[in-house]
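Take a look at the structure below.
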Amino acid sequence: MRMILLFLLLSACASPAPQFLGATRHDITLDGIRFAVFQKSEEAEVIRLGYLTRRQRAPVPELMVTAVERTTGCAVIRNSLRSRIPGDTGEARVSLRCDPG
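Residues -17 to -1, 1 to 84 in mature numbering (1 follows the signal peptide of the UniProt record, and there is no 0) are what the sequence shown spells out, letter by letter.
Shown next as structure tokens:
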């Protein structure tokens, strides 16, 4: 029972990759899917929170881009969305174009 409780608590948390420690965190929900966005300079890491079935994952990459743009106010550079695990919809990184001012 304790292991299940620990798993549930840890799965609700999102921690950035070491390169994004100290980054600004933004949280957003889009189409019922929760995301944590970590912005550091002109890069961002976006983490999908919660479980999705394989069928539910199809719109996630596009929602990740939207989540980053809405929370940071920066434009995601086209085709910069990358995941450390190809096809993974749990985590991705993007390059940003942020207008000063």
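Idealized CB from N, CA, C, for every residue including glycine. None of these values were measured; they are calculated from a predicted model.
DSSP state of residue i mapped onto helix, strand, coil
i      : result
E52    : helix
R61    : coil
L(-9)  : No answer about L(-9) holds up, because its pLDDT of 43 lies below 50 and its placement is not dependable.
I(-14) : The pLDDT assigned to I(-14) is 49, lower than 50, so where the model puts this residue is not dependable; a value taken from the coordinates is nonetheless given after this. It is helical.
L35    : coil
L4     : coil
Reference residue i; option with closest CA among the options
i   : options              : result
D71 : L13, L35, T7 and F21 : L35
I11 : P44, K23 and A19     : A19
Q39 : N62, R67 and L13     : L13
T54 : R37, E26 and R67     : E26
Boundaries of the beta strand (DSSP E) in which residue i is found, first to last residue
i   : result
F21 : I16 to K23
S66 : Per DSSP, S66 belongs to no beta strand (DSSP E) and is neither H nor E.
R76 : E74 to R80
Anticipated Cβ contact below 8 Å, residue i with residue j, distance rounded
i   : j     : result
R80 : R65   : That pair is no contact at about 16 Å.
E28 : A(-1) : 6 Å
Q22 : A(-4) : Not really, about 14 Å apart at Cβ, beyond 8 Å.
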